[in-house]
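For the sequence shown, the working numbering assigns the number -7 to the initial residue and increments by one for each residue that follows. Below: the structure, in structure tokens.
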Amino acid sequence: MKKSNFIISAGSLLATALVASVAFAHGDVTPQPIDTKTLPTLGAEWLDKNPYTGQAEAIKVGTAAFAENCARCHGLQAQSGGIAPDLRYLDRDCLDIKSPAKKEACYADTDKYFLVSIRHGKVRNGAVYMPPFEGILNQEAMWSIKAYLATLRMAPQ
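Below, the structure is given as structure tokens:
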């Protein structure tokens, strides 16, 4: 009888440890400021479209910014493990559009969606799913992250 109580207790302890490890797996999720001095300054007015798309220095800054602020939830190289959306598919609706003008408009819409999401975060029913980054990351850092994400773009499977 004592042996079965030990097995139940050990199982309960293991389950508790697993739940705790998942809860703390992402560590400190406090947004970290990013050095953007090497990027062209964008000014105080928020842009609707990413001015850094395809720019090597912005992609470099965005790679570091993503690793510091986004990867703990969205995964390394934006490949999510299920906690948050896989950002490699952020522009997936645009990929199959044949018209260059419509494709460009689709990417511009995605840029706007991205900027609103990163600036204001994601909250549902009072639960914070993503913290707001406005006031921590400047516009240059946010757009550099989007420039980095564009290099990882994947079609839906």
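Built from N, CA and C at the ideal position, the CB exists for glycine as well.
Which of the three DSSP states is assigned to residue i in this structure?
| i | result |
| --- | --- |
| residue 134 | helix |
| residue 107 | helix |
| residue 16 | Bear in mind that a pLDDT of 40 at residue 16, under 50, signals an unreliable position, so the model cannot answer this. |
| residue 37 | coil |
| residue 93 | helix |
| residue 88 | coil |
| residue 55 | helix |
| residue 79 | helix |
| residue 30 | coil |
| residue 69 | helix |
Taking the alpha helix (DSSP H) that residue i falls in, what are its first and last residues?
| i | result |
| --- | --- |
| residue 84 | Unbroken run through residue 84: none, as it is neither H nor E. |
| residue 65 | 63 to 66 |
Considering just the uninterrupted stretch of the beta strand (DSSP E) at residue i, what are its terminal residues?
| i | result |
| --- | --- |
| residue 44 | Per DSSP, residue 44 belongs to no beta strand (DSSP E) and is neither H nor E. |
| residue 119 | 119 to 122 |
| residue 145 | Residue 145 -> no beta strand (DSSP E), and no H or E assigned at all. |
Taking the beta carbon of residue i as the centre, do at least 16 other beta carbons fall within 10 Å, making it buried, or is it exposed?
| i | result |
| --- | --- |
| residue 18 | For residue 18, the predicted structure reports a pLDDT of 46, less than 50, and the residue's modelled location is therefore unreliable. A value from the coordinates is still provided. Exposed. |
| residue 61 | buried |
| residue 37 | exposed |
| residue 150 | For residue 150 there is no data in the structure shown, the boundaries of the chain being -7 and 149. |
| residue 127 | exposed |
| residue 57 | buried |
| residue 140 | buried |
| residue 26 | buried |
| residue 14 | Because the pLDDT of residue 14 is 38, which lies under 50, any placement of that residue in the model is unreliable, and the number read from its coordinates should be weighed accordingly. Looking at its Cβ environment, which holds fewer than 16 other Cβ atoms inside 10 Å, residue 14 is exposed. |
| residue 79 | buried |
Taking C-beta to C-beta, are residue i and residue j nearer than 7 Å?
| i | j | result |
| --- | --- | --- |
| residue 125 | residue 110 | yes |
| residue 132 | residue 39 | no |
| residue 145 | residue 83 | yes |
| residue 142 | residue 45 | yes |
| residue 28 | residue 53 | yes |
| residue 99 | residue 86 | yes |
Can you pull the DSSP bridge partners for residue i?
| i | result |
| --- | --- |
| residue 115 | 120 |
| residue 129 | 126 |
Please report whether the beta-carbon of residue i lies at a distance below 7 Å from any beta-carbon of chain C.
| i | result |
| --- | --- |
| residue 83 | Of the protein chains in the structure, only one exists, and it is not chain C. |
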